[in-house]
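See below for the structure under consideration.
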(Lines of atoms letter the chains of each structure in order from A and count residues from 1; the text may use other names and numbers.)
(Lines give C-alpha, C1' and ligand atoms only; values in the text may rest on other atoms or scores of the structure.)
Protein backbone atom coordinates (compact mmCIF):
# COMPACT_ATOMS: atom_id res chain seq x y z
CA UNK A 1 0.00 0.00 0.00
CA UNK A 2 1.66 3.18 -1.16
CA UNK A 3 0.38 6.69 -1.70
CA UNK A 4 2.28 9.29 -3.68
CA UNK A 5 2.97 12.69 -2.15
CA UNK A 6 2.70 15.46 -4.76
CA UNK A 7 5.49 17.99 -5.09
CA UNK A 8 4.78 21.55 -3.98
CA UNK A 9 6.79 24.71 -3.49
CA UNK A 10 9.20 24.24 -0.58
CA UNK A 11 9.51 27.33 1.59
CA UNK A 12 12.04 26.20 4.22
CA UNK A 13 13.56 23.01 5.56
CA UNK A 14 15.41 21.53 8.49
CA UNK A 15 17.29 18.19 8.71
CA UNK A 16 17.52 16.45 12.08
CA UNK A 17 19.32 13.31 13.21
CA UNK A 18 17.04 10.93 15.11
CA UNK A 19 18.70 8.12 17.05
CA UNK A 20 17.64 8.57 20.70
CA UNK A 21 14.80 9.78 22.93
CA UNK A 22 16.21 13.34 23.14
CA UNK A 23 16.34 13.41 19.31
CA UNK A 24 12.72 12.25 19.17
CA UNK A 25 11.73 15.11 21.47
CA UNK A 26 13.73 17.56 19.33
CA UNK A 27 12.10 16.49 16.04
CA UNK A 28 8.66 16.61 17.64
CA UNK A 29 9.34 20.15 18.95
CA UNK A 30 10.68 21.30 15.58
CA UNK A 31 7.58 19.92 13.83
CA UNK A 32 5.44 21.84 16.33
CA UNK A 33 7.35 25.08 15.60
CA UNK A 34 6.96 24.61 11.84
CA UNK A 35 3.22 23.94 12.26
CA UNK A 36 2.77 27.06 14.35
CA UNK A 37 4.75 29.16 11.87
CA UNK A 38 2.45 27.84 9.11
CA UNK A 39 -0.58 28.97 11.11
CA UNK A 40 -1.87 25.50 11.99
CA UNK A 41 -4.68 25.37 14.53
CA UNK A 42 -4.25 23.24 17.64
CA UNK A 43 -5.95 20.16 16.14
CA UNK A 44 -3.87 20.15 12.95
CA UNK A 45 -0.69 20.86 14.91
CA UNK A 46 -1.42 17.99 17.32
CA UNK A 47 -2.13 15.55 14.49
CA UNK A 48 1.14 16.44 12.75
CA UNK A 49 3.21 16.26 15.94
CA UNK A 50 1.64 12.92 16.94
CA UNK A 51 2.39 11.40 13.52
CA UNK A 52 5.97 12.73 13.64
CA UNK A 53 6.44 11.31 17.12
CA UNK A 54 5.15 7.85 16.12
CA UNK A 55 7.27 7.67 12.98
CA UNK A 56 10.43 8.95 14.70
CA UNK A 57 9.94 6.39 17.48
CA UNK A 58 9.52 3.62 14.88
CA UNK A 59 12.67 4.80 13.12
CA UNK A 60 14.62 4.48 16.38
CA UNK A 61 13.04 1.16 17.45
CA UNK A 62 13.04 -0.63 14.09
CA UNK A 63 15.58 1.17 11.90
CA UNK A 64 18.33 1.97 14.38
CA UNK A 65 17.73 5.70 13.91
CA UNK A 66 18.02 7.90 10.88
CA UNK A 67 17.15 11.38 9.69
CA UNK A 68 14.02 13.50 9.56
CA UNK A 69 13.70 16.34 7.06
CA UNK A 70 11.01 18.91 7.92
CA UNK A 71 9.91 21.11 5.02
CA UNK A 72 7.50 24.03 4.89
CA UNK A 73 5.20 23.86 1.85
CA UNK A 74 2.92 26.26 0.03
CA UNK A 75 0.35 25.43 -2.62
CA UNK A 76 -2.25 27.89 -3.90
CA UNK A 77 -1.88 30.01 -0.78
CA UNK A 78 -2.29 27.02 1.54
CA UNK A 79 0.48 26.15 4.02
CA UNK A 80 1.65 22.63 4.78
CA UNK A 81 4.44 20.66 6.40
CA UNK A 82 6.20 17.68 4.82
CA UNK A 83 8.34 15.40 6.98
CA UNK A 84 10.57 12.76 5.40
CA UNK A 85 11.94 9.95 7.59
CA UNK A 86 14.86 7.93 6.27
CA UNK A 87 16.72 5.09 7.97
CA UNK A 88 19.19 2.42 6.85
CA UNK A 89 17.67 -0.34 8.96
CA UNK A 90 16.57 -3.82 7.88
CA UNK A 91 13.48 -2.52 6.10
CA UNK A 92 9.90 -3.66 6.45
CA UNK A 93 9.42 -7.16 5.08
CA UNK A 94 5.68 -6.80 4.41
CA UNK A 95 4.46 -3.19 4.19
CA UNK A 96 0.82 -4.24 3.73
CA UNK A 97 0.92 -6.23 6.94
CA UNK A 98 2.79 -3.47 8.81
CA UNK A 99 0.08 -0.98 7.79
CA UNK A 100 -2.67 -3.06 9.41
CA UNK A 101 -3.95 -2.00 12.82
CA UNK A 102 -2.73 -4.34 15.53
CA UNK A 103 0.30 -5.75 13.69
CA UNK A 104 3.60 -5.32 15.52
CA UNK A 105 6.95 -6.96 14.92
CA UNK A 106 8.16 -6.13 18.45
CA UNK A 107 5.10 -6.87 20.60
CA UNK A 108 3.85 -3.28 20.56
CA UNK A 109 0.28 -2.11 20.02
CA UNK A 110 0.70 -2.02 16.25
CA UNK A 111 -0.75 1.47 15.89
CA UNK A 112 2.32 3.47 14.80
CA UNK A 113 2.28 3.26 10.99
CA UNK A 114 -1.48 2.99 10.39
CA UNK A 115 -2.16 5.58 13.09
CA UNK A 116 0.33 8.01 11.56
CA UNK A 117 -1.26 7.49 8.13
CA UNK A 118 -4.69 8.47 9.50
CA UNK A 119 -3.30 11.69 11.05
CA UNK A 120 -1.91 13.19 7.85
CA UNK A 121 -3.24 14.13 4.42
CA UNK A 122 -0.54 12.45 2.32
CA UNK A 123 1.49 9.35 3.23
CA UNK A 124 4.14 7.47 1.23
CA UNK A 125 6.22 4.52 2.37
CA UNK A 126 9.02 2.62 0.63
CA UNK A 127 11.14 -0.03 2.26
CA UNK A 128 13.67 -2.71 1.38
CA UNK A 129 16.32 -4.74 3.14
CA UNK A 130 19.06 -2.99 1.15
CA UNK A 131 17.76 0.58 1.32
CA UNK A 132 16.05 0.77 4.72
CA UNK A 133 12.77 2.62 5.12
CA UNK A 134 11.70 5.94 3.62
CA UNK A 135 8.42 7.53 4.79
CA UNK A 136 7.04 10.88 3.64
CA UNK A 137 4.06 12.56 5.30
CA UNK A 138 2.29 15.84 4.55
CA UNK A 139 -0.21 17.68 6.72
CA UNK A 140 -1.97 20.77 5.33
CA UNK A 141 -3.25 23.70 7.33
CA UNK A 142 -7.05 23.64 7.24
CA UNK A 143 -7.36 27.31 8.24
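Residue numbers (this note's numbering): 5 to 147.
We put the CB at the ideal spot given by N, CA and C, even for glycine.
About 4 Å separates the beta carbons of residue 86 and residue 75, which is inside the 8 Å limit, making them a contact pair. Put simply, the region 62–71 touches the region 89–102. At least three CB pairs are less than 8 Å apart. Counting only the Cα atoms, residue 123 lies some 8 Å from residue 54. Residue range 116–123 is occupied by the alpha helix (DSSP H) that includes residue 122. As computed with DSSP, residue 27 is found in no beta bridge at all. Assignment of beta-bridge partners to residue 44 by DSSP yields no partner.
The DSSP-derived three-state label of residue 135 is coil. Residue 17 sits in a strand when the DSSP states are folded into three classes.
Residue 82 places its beta carbon 8 Å or farther from that of residue 56. Around the C-beta of residue 62, 16 or more other C-beta atoms lie within 10 Å, and the residue is accordingly described as buried. DSSP assignment within the region 52–99 yields the following whole beta strand (DSSP E) runs of 3 residues or more, N-terminal first: 70–79, 82–91.
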